[in-house]
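Student:
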């Protein structure tokens with residue numbers, strides 16, 4: 020609005036809206052951000068320049084009030100981490116059948132080798148490599164969902180919607196550990212469905228609830244969900260998000276594959292959670308279409324969400 024200069028003169032023009040598009044000019048006023056803050060709610064005269072010149076005794080054409088004027092600060096991601104806030108990554112990978120068989124070169128899960136990465140690997144690398152710098156223990160919970168899992172006894176389970184990708188436990192070490200666990204898991208699952216996100220969000224929220232954050236000990240969780248299609252438990256997912264919004268947690272959903280299949284993810288991107296005495300609410304979900312963003316700006320798009328979400332959660 021003022022390019023960072025509170026004293027910068029601002030001209031505000033007021034029009035009476037007309038459906039025809041020929042809006043009627045009602046007057047203008049000059050002010051500044053500084054003036055609106057100092058004179059919060061004080062009426063500003065609307066003047067029509069032609070009447071000022073031609074009409075004797077003309078005072079104004081009405082008034083404009085700017086009430087509840089305040090400055091809202093949006094710190095950057097760097098501001099948070101340099102202030103001592105630790106960022107902790109959690110990853111959830113879609114193993115539903117719509118991805119295609121991992122042995123099929125057209126599959127989103129196809130491992131190409133030779134240094135080439137599939138969309139799932141690229142999303143993990145793009146976000147993981149950035150966040151790893153700000154995580155002290157570099158231990159990452161990695162979930163899979165939408166698959167039947169081979170058990171140690173050789174039997175195949177029913178479809179699971181939140182299971183550890185790593186056979187040795189929930190957490191792996193470093194981004195390389197995430198990639199290896201993902202690679203190894205492909206040979207131990209049968210792709211199935213449907214796509215349910217509520218169990219993942221609930222599990223991540225439970226982890227975040229255990230951070231025991233305080234002003235002197237700040238930790239923030241980021242759940243990265245990589246998926247290829249429609250969400251089949253939208254109402255349950257929304258309810259899970261309402262509960263998760265009370266924890267230090269953001270959810271980044273990266274959609275891989277065909278963009279026309281992401282209508283439900285786009286709905287979640289518009290979800291904002293409101294709390295009592297909180298005029299801004301929390302935008303806990305960021306949806307990013309992989310095909311439109313690609314790896315070079317995937318992390319930046321996701322971390323923009325993180326920086327916007329941390330501040331509203333610091334209530335205390």
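Numbering (our numbering), first residue to last: 20 to 335. From the three backbone atoms N, C-alpha and C, an ideal C-beta is built for every residue, glycine too.
Of all the beta strand (DSSP E) runs that stay within the bounds of the stretch 193-229, which reach a length of 3 or more residues?
Tutor: Runs of the beta strand (DSSP E) inside the stretch 193-229: 208-210.
Student: I'd like the list of long-range same chain contacts for residue 179, defined as Cβ closer than 6 Å, with 5 residues on each side in sequence excluded.
Tutor: Cβ neighbours of residue 179 beyond the five flanking positions: 168.
Student: Using the beta-carbon count (16 or more within 10 Å), is residue 82 buried or exposed?
Tutor: When all chains shown are included, residue 82 counts as exposed.
Student: Determine the burial state of residue 86: buried for a count of at least 16 other Cβ atoms within 10 Å of its Cβ, exposed for fewer.
Tutor: Residue 86 comes out exposed.
Student: Is residue 241 closer than 8 Å to residue 106 when the C-beta atoms are compared?
Tutor: Yes, they are a contact pair.
Student: Just verifying my parser: in three-state terms, what is the DSSP assignment at residue 334?
Tutor: The predicted position of residue 334 is uncertain, since its pLDDT is 39 and thus under 50; no value can be drawn from it.
Student: Return the CA-CA distance between residue 28 and residue 90, expressed in angstroms with no decimal places.
Tutor: If I take the Cα positions, the gap works out to 17 Å.
Student: Are there 16 or more other CB atoms within 10 angstroms of the CB of residue 161, so buried, or fewer, so exposed?
Tutor: It is buried - the Cβ of residue 161 has at least 16 other Cβ atoms within 10 Å.
Student: Determine the direct distance from the alpha carbon of residue 69 to that of residue 303, and round the result to whole angstroms.
Tutor: Distance between the alpha carbons of residue 303 and residue 69 is about 49 Å.
Student: I'd like to know whether the C-beta atoms of residue 114 and residue 210 end up nearer to each other than 8 Å.
Tutor: It is a contact, given that the beta carbons lie within the stated cut-off.
Student: So which of 44, 52 and 157 has the shortest CA-CA distance to residue 25?
Tutor: Out of 44, 52 and 157, 52 has the C-alpha closest to the C-alpha of residue 25.
Student: In this structure, does DSSP put residue 57 in helix, strand or coil?
Tutor: Helix at residue 57.
Student: Just how far apart, CA to CA, sit residue 333 and residue 230?
Tutor: Interpretation of residue 333 is limited by its pLDDT of 43, a score under 50 that renders its predicted location unreliable; the figure taken from the coordinates is listed afterwards. Roughly 13 Å separates the two Cα atoms.
Student: Give the DSSP-derived three-state secondary structure of residue 305 in the structure shown.
Tutor: DSSP places residue 305 in strand when its eight states are reduced to three.
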